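Residue numbers (the numbering used here): 25 to 589. The next block holds one structure in the form of structure tokens; read it before the comments.
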């Protein structure tokens, strides 16, 4: 209940610290109804329900101060609802909620300061907005659940930048991001609604990179969702954004590289991706408009993302965007993973660990031989591992056979399974590496082993295949698998495991050898497999949910309850 021209609750100067205090219901007619501080430290405080008289500008005013682990909630001022921090101030681990500006100006102002690990949430009106000036830095901050915001959610000005931030589930009548000599890197902007633009950029010094902008809704029928005047967009993904306007991006003397723009819905009179003027650089992107200058047709979105329907916008194993960018990106992608994990950087915000499979030249058969490094078109030019062959064979969506020569295959040991099956791609082992027909192979004398090293599952089928794309896995030894269910293999509809040996596999629960969810196991030997959890009643070596078993030998398997089937 303090009242003063400046610092109604507390007026702090050099070498002062306040800790674990509640500062509430104070007033000021000038600046800092709660706190006015210079060279001070504020920690673990709650700053609640402070207000203004006359034309007060800020609830908290910091000059070269440190504020950590504080809550600013329900405060009201004339202009900046929550805080002005300047001159190398540092604000960390704070919560900003429900603060309001009488003049609908902005919530917080940072000038030449740092703000990190803060949350700006659940605020109605412009109290949610943040403005950065004077080369300020914002990192790891969250803007969420703010409504009826009357200004841009984040202004990035004067050489400032934001990194590793999330802007999600907000509603604004202005921009979500406004860059005026500002930079954005590794940020997620998703599921917001704006009656203006998603982003506006001015000046060549402005940029956004390694960021994902997805599932936002623009209700304005008169502006493009993205306006870029001389700015730079690098390694970003724009996907599933909606707008009533007929273009997605307006570019004026601007740059767009290594980015993905697909699935963005315009109005019924959609007529293209861009409005353009001046000289623009648009190169090495996946777009819905052109192939030129290294750009890829965005109508091939089936090959772009892992699971776009469920919001997974990482690149699929067969994505055309892998290794398709220019080497101009930052060293880290959206999630902090290293860029350039292959021959070149990928397009989009998320770098893929998948290898880019060569274009398949054979119409039917792909060849694999341990130690080889070819393109899979012959035994002499075989792939060196099974997953790479599957990536290549599945690229055209047609049925293929993969012939695998004798040897032991471990795949990428950083993954949870050695081999992921693909629709229509059958695997055959037992070859010496010279045969020209399936009948010529000798599986007994050419053991073809897929080994999980007792750390992961050997073979995984993630979903059932169509009848016309049924798969056979034939002539392999599947060994040393480990997983919760299906230590050796987890198989689904329209897959048959035939003429195989499944041994020395473990599962915590069901199907230490094979978990068959509609799959079939025929002419195979299942031996020496066992359950890890001896207290479950479902830990058989073979666990079937539909499908059938025929002409198999099942022996020496162990379990607490049903050891075999």
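Backbone N, C-alpha and C define an ideal beta-carbon position, used for all residues, glycine too. Since we're looking at a predicted model, the values are computed, not measured.
- DSSP places residue 572 in the coil class of the three-state scheme, outside both helix and strand.
- Distance from the Cα of residue 306 is smallest, within the candidate group 252, 340, 357, 464, for 252.
- Across the structure, residue 88 and residue 213 are spaced so that their CA atoms are roughly 31 angstroms apart.
- Collapsing the DSSP output to three states places residue 333 in a helix.
- Annotated three-state conformation of residue 233 is strand, per DSSP.
- Counting other Cβ atoms within 10 Å of its Cβ, residue 346 reaches 16 or more and is therefore classed as buried.
- Per the DSSP secondary-structure output, residue 134 pairs in a beta bridge with 109, 156.
- By the CB criterion at 8 angstroms, residue 555 and residue 537 fall outside the cutoff.
- DSSP places residue 306 in the strand class (E or B) of the three-state scheme.
- Residues 143, 190 of the same chain have their beta carbon placed closer than 6 angstroms to that of residue 166, with the five preceding and five following residues left out of the count.
- Residues of the same chain with a CB within less than 6 angstroms of the CB of residue 146, apart from the 5 flanking positions on each side, are 121, 169 in chain order.
- In the assembly as shown, residue 184 is a buried residue. Its beta-carbon has 16 or more other beta-carbons within 10 Å.
- Runs of alpha helix (DSSP H) with 4 or more residues, each lying fully within the segment 372-449, are found at 410-417, listed in chain order.
- In the DSSP assignment, the residues bridged to residue 538 are 513, 566.
- Take residue 336, set aside five residues on each side of it, and the residues of its chain with a beta-carbon closer than 8 angstroms to its own are 329, 330, in chain order.
- If you draw a 10 Å sphere on the C-beta of residue 224, you find 16 or more other C-beta atoms in it, and that means buried.
- Assigned with DSSP and collapsed to three states, residue 462 falls in helix.
- If you look at residue 168, you'll find it in the beta strand (DSSP E) that goes 166-168.
- Boundaries of the beta strand (DSSP E) harbouring residue 185: 178-187, taken from the DSSP string.
- Judged by pairs of C-beta atoms under 8 angstroms, the segment 51-67 touches the segment 32-39, as three or more such pairs exist.
- Contact check for residue 370 and residue 348: beta-carbon distance about 7 angstroms, within the 8 angstroms limit, so the pair qualifies.
- 8 angstroms or more divides the Cβ of residue 522 from the Cβ of residue 491.
- DSSP places residue 129 in no beta strand (DSSP E); its state is neither H nor E.
- For residue 250, the uninterrupted beta strand (DSSP E) segment begins and ends at 250-253.
- Separation of residue 459 and residue 553 (C-alpha to C-alpha, rounded to the nearest whole angstrom) is 32 angstroms.
- Looking at the backbone, the Cα of residue 161 and that of residue 257 are separated by about 19 angstroms.
- DSSP places residue 491 in the helix class (H, G or I) of the three-state scheme.
- Burial state of residue 484 is buried, judged by a 10 Å Cβ sphere holding 16 or more other Cβ atoms.
- Under DSSP, residue 242 shares a beta bridge with 218, 267.
- No residue range can be given for residue 357, since it is assigned to no beta strand (DSSP E) and is classified by DSSP as neither H nor E.
- When secondary structure is reduced to three states using DSSP, residue 582 falls in the strand class.
- By the Cβ-count criterion, residue 90 is buried, with 16 or more other Cβ atoms from all chains shown falling within 10 Å of its own Cβ.
- Contact between the segment 192-204 and the segment 175-183 is present: three or more C-beta pairs spanning the two stretches fall below 8 angstroms.
- In the displayed model, residue 150 falls within a helix according to three-state DSSP.
- Here the C-alpha atom of residue 408 lies approximately 28 angstroms from the C-alpha atom of residue 517.
- When the Cα atoms are used, residue 250 and residue 77 turn out to be separated by approximately 40 angstroms.
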